[in-house]
Each structure stands twice: as structure tokens, then as C-alpha cells.
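Numbering (the numbering used here), first residue to last: 8 to 250.
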Ligand SMILES: Cc1cc2nc3c(=O)[nH]c(=O)nc-3n(C[C@H](O)[C@H](O)[C@H](O)COP(=O)(O)O)c2cc1C
């Protein structure tokens with residue numbers, strides 16, 4: 008399958024089969040993803056691969072922690088160790104976020120405004136949607152925006168490589184809300200912060216959430232082809248011209 012085909016085929020999967028993923032396959036994905044480019048080859052990524060009892064413990068303790076939070080209310084701020092979005096979010100991003108949220112909740116039969124049901128559905132994030140493998144991505148907290156740029160490339164590489172070997176994924180920034188639980192269970196060093204999590208496994212094609220299709224804005228709406236510009240003389244050229 009070509010890269011272009013993979014780019015079109017990849018999607019976020021939110022329902023997995025309990026079928027285990029061989030460790031060699033996880034290694035193959037991470038090895039391929041490690042070929043991602045990064046500025047001055049700094050490779051800022053760190054990955055914790057959770058399976059079996061470790062994954063179950065993270066899920067159990069996160070869900071227990073979540074139960075202590077006030078239900079049906081917005082989770083308390085700050086969400087994580089970094090801000091994902093500005094508050095309040097603005098157009099066109101706000102509408103795009105709402106569109107995908109409504110579409111997903113509609114597939115899952117959650118009525119608009121039903122906070123109790125939304126709470127339960129959002130909680131599936133913290134079960135890795137039933138995936139046998141949970142990935143936690145961290146970065147050195149002293150690294151800056153350039154390294155976060157590199158990180159996004161790496162995440163997409165993991166997702167495409169997974170797709171290439173018949174697996175599916177869902178990147179999950181939601182995990183950053185529970186960085187303290189992750190820190191304890193994964194024994195994260197103090198200099199690392201949680202970027203996001205990712206579910207990895209075999210898609211359950213019967214899961215209603217996996218019927219979701221997402222839209223993209225057309226190329227014309229975000230790309231500008233600049234093939235003729237008015238030539239603006241530099242200050243040096245201007246001073247030459249006046250001699
Ligand atoms: C960095 C990142 C974080 C994300 N976090 C979550 C998340 O916490 N929970 C979730 O269900 N989906 C999450 N998603 C999936 C997005 O909602 C999804 O990529 C988007 O709606 C486009 O859909 P597609 O991936 O199926 O093409 C995340 C995606 C990215 C790239």
C-alpha cells in the first residue's frame with residue numbers, strides 16, 4: 008500500500024478486539040516510526056508500551072481516580088501538563104470540534120446535552136477503548152515548540168506504520184489529564200511530561216464508534232499557491248537606484 012493510500016485509510020478507532028498484538032509487531036512499528044525526521048535529529052520522543060497487568064493497572068487506577076471527580080461537570084483545570092487548546096476556542100476550529108463530537112455521540116446514541124452519558128462515553132478513553140496495547144508518549148519538559156513539531160510527525164508515523172501491519176490506533180490527548188497516575192505507574196522521571204496516549208490493536212469492525220467518518224476542509228481552503236508576487240525592492244536596491 009502506498010503512503011498516500013495509507014494516509015487516506017488511517018482513521019481513529021475507538022473499539023478494539025481483545026486479540027493480543029505480538030511484541031515483535033510493536034517493535035516493528037516503533038522502529039519504522041523512529042525513522043521520522045526531527046530538527047537536528049534530536050528525536051525527542053519517549054514511549055511507554057503498556058500491556059497486560061501494567062495496562063490493566065493504569066486503566067483501573069485512572070478510572071478509580073476519575074470517579075472521585077465531580078460527575079457531569081467539566082473536568083477541573085488544568086487538564087494536563089500543557090495546554091492543548093486556547094480557551095475559549097474560536098472559529099473555524101470550534102465548529103470542527105463540535106462536528107466530530109456530535110457525529111461520534113450520535114453514533115453512540117448519546118443525546119445532545121446528556122452529561123451523564125457523555126461522561127461514560129468519554130471514560131472509554133481511559134480503557135484504551137478495549138485495545139490490548141496502550142502507548143504513553145512523553146517528552147522532556149525543557150524542550151520547546153520545535154521538538155513538539157517533531158513529535159507530531161513521530162505520532163503520525165506510529166499510526167501509519169500500525170496501519171501498514173493491519174493494526175489501528177487512536178491518539179489520545181485525553182490521557183494527559185491523568186499524568187499523575189501515569190507518572191506513578193510508568194515511573195516517569197521528573198524531567199518528562201505526558202504528551203498523549205494512544206490505543207493500539209485490531210479494530211472491532213462491529214463497534215458503532217468505528218462507523219465514524221470525518222471530514223476535511225478542501226485543499227483550496229488552507230493552501231495558497233503563490234506563483235506571482237509584486238516585486239518589492241529591498242532597502243539596499245532602493246539606495247542603489249537613487250545613486
Ligand atoms: C494528538 C491527538 C490527540 C487526540 N486525542 C483524542 C482523544 O483524547 N480521544 C479521542 O477519542 N480522539 C482523539 N484524537 C482523535 C481525533 O479526534 C481524530 O484524529 C480527528 O477527529 C480526525 O479523525 P480521524 O483520526 O478518524 O481521521 C486525537 C488525535 C490527535 C492527533
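Even for Gly, the Cβ is constructed at its ideal location relative to N, Cα and C.
Predicted model only: the values in this text are computed from it and were never measured.
1) Between residue 139 and residue 208, how many whole angstroms is the CB-CB distance? I'm expecting something under 8 Å.
2) Between residue 199 and the rest of its own chain, which residues show a CB-CB distance below 8 Å, the 5 nearest in sequence each way excluded?
3) Any chance you could list the residues with Cβ under 6 Å from a heavy atom of ligand 1, keeping chain order?
4) Suppose you measure from the CA of residue 160 to the CA of residue 233; what does that come to, to the nearest Å?
5) Helix, strand or coil: how does DSSP classify residue 179 here?
6) Under 6 Å Cβ to Cβ from residue 175, same chain only, skipping five residues before and after it: list those, please.
7) Name the two residues that bound the continuous beta strand (DSSP E) containing residue 159.
8) Would residue 250 be called buried (16 or more neighbouring beta carbons within 10 Å of its own) or exposed?
9) Out of 26, 17, 18 and 150, which has the shortest C-alpha to C-alpha gap to residue 137?
10) Look at residue 87 and residue 201 and say whether their C-beta atoms are less than 8 Å apart.
11) Going by beta carbon distance, what residues of the same chain come within less than 8 Å of residue 100, once the five residues before and after it are set aside?
12) What did DSSP end up calling residue 9 once you bin it into helix, strand or coil?
13) Taking the CB atoms as reference points, tell me whether residue 96 and residue 104 lie closer together than 8 Å.
14) Would you mind reading off the limits of the alpha helix (DSSP H) that contains residue 56?
15) Would you report the Cα separation of residue 212 and residue 134, rounded to the nearest angstrom?
16) Hey, quick one: how far does the alpha helix (DSSP H) through residue 114 stretch, first residue to last?
17) Suppose you measure from the CA of residue 64 to the CA of residue 192; what does that come to, to the nearest Å?
18) Hey, residue 62 and residue 172: beta-carbon distance below 8 Å or not?
19) For residue 157, is the classification buried or exposed, using 16 other Cβ atoms within 10 angstroms of its Cβ as the cut-off for buried?
20) What's the C-alpha gap between residue 43 and residue 167?
Looking at the atomic coordinates:
1) By 1-based counting over the chain shown, the position of residue 139 is 132. By 1-based counting over the chain shown, the position of residue 208 is 201. With a Cβ gap of about 5 Å, residue 139 and residue 208 count as contacting.
2) The residue given as residue 199 occupies position 192 in the chain shown. In the same chain as residue 199, and ignoring 5 residues on each side of it, the C-beta atoms closer than 8 Å to its own belong to 53, 145, 146, 147 and 148, in chain order.
3) Cβ-based neighbours of ligand 1 within the cut-off: 18, 19, 21, 107, 132, 177, 178, 179, 180, 181, 203 and 221.
4) Taking the chain shown and counting its residues from 1, the one referred to as residue 160 is at position 153. Taking the chain shown and counting its residues from 1, the one referred to as residue 233 is at position 226. A direct Cα-Cα distance of roughly 25 Å separates residue 160 from residue 233.
5) The residue given as residue 179 occupies position 172 in the chain shown. Collapsing the DSSP output to three states places residue 179 in a strand.
6) As a working mapping, residue 175 is identified with position 168 in the chain shown. Within its own chain, the residues whose Cβ lies closer than 6 Å to the Cβ of residue 175, once the five positions on either side in sequence are excluded, are 20 and 210, listed in chain order.
7) Here residue 159 refers to the residue found at position 152 of the chain shown. Where residue 159 is concerned, there is no enclosing beta strand (DSSP E), although the alpha helix (DSSP H) it sits in stretches over 152-171.
8) Here residue 250 corresponds to residue number 243 of the chain shown, with the count starting at 1. Bear in mind that a pLDDT of 44 at residue 250, under 50, signals an unreliable position, so the number given afterwards is only what the model happens to contain. Residue 250 sits exposed, since fewer than 16 C-beta atoms from the chains shown fall within 10 Å of its C-beta.
9) Working through the chain shown from its first residue, we reach residue 137 at position 130. Of 26, 17, 18 and 150, the residue nearest in Cα terms is 26.
10) Residue mapping note: residue 87 aligns to position 80 of the chain shown, counting from 1. Residue mapping note: residue 201 aligns to position 194 of the chain shown, counting from 1. For residue 87 and residue 201, yes; Cβs fall inside 8 Å.
11) The count along the chain shown starts at 1 and reaches residue 100 at position 93. Here residue 100 has 92 as same chain residues with Cβ atoms under 8 Å from its own Cβ, once five neighbours each way along the sequence are excluded.
12) Here the question's residue 9 lines up with position 2 in the chain shown. In the structure shown, residue 9 sits in coil (DSSP, three-state: anything other than H, G, I, E or B).
13) For the purposes of this step, residue 96 is identified with residue 89 of the chain shown, where counting begins at 1. For the purposes of this step, residue 104 is identified with residue 97 of the chain shown, where counting begins at 1. The criterion of a C-beta distance shorter than 8 Å is satisfied by residue 96 and residue 104.
14) Reading the chain shown from its first residue, position 49 is the one you call residue 56. Taken as a continuous stretch (DSSP letters only), residue 56 belongs to no alpha helix (DSSP H), being part of the beta strand (DSSP E) at 53-57.
15) Indexing the chain shown from 1 puts residue 212 at position 205. Indexing the chain shown from 1 puts residue 134 at position 127. Each residue's Cα considered, the two are about 18 Å apart.
16) Looking up residue 114 in the chain shown gives position 107. Annotation: the continuous alpha helix (DSSP H) that includes residue 114 extends over 100-114.
17) To locate residue 64, count along the chain shown from 1; it is residue 57. To locate residue 192, count along the chain shown from 1; it is residue 185. Taking the straight line joining both Cα atoms gives about 8 Å.
18) For this step, residue 62 is matched to residue 55 along the chain shown. For this step, residue 172 is matched to residue 165 along the chain shown. No, Cβ-Cβ distance for residue 62 and residue 172 is not below 8 Å.
19) Counting from one through the chain shown, the residue named residue 157 turns up at place 150. Burial check for residue 157: the Cβ neighbour count within 10 Å reaches 16 or more, so the residue is buried.
20) The residue you call residue 43 lines up with position 36 of the chain shown. The residue you call residue 167 lines up with position 160 of the chain shown. Pairing residue 43 with residue 167, the inter-Cα distance amounts to about 11 Å.
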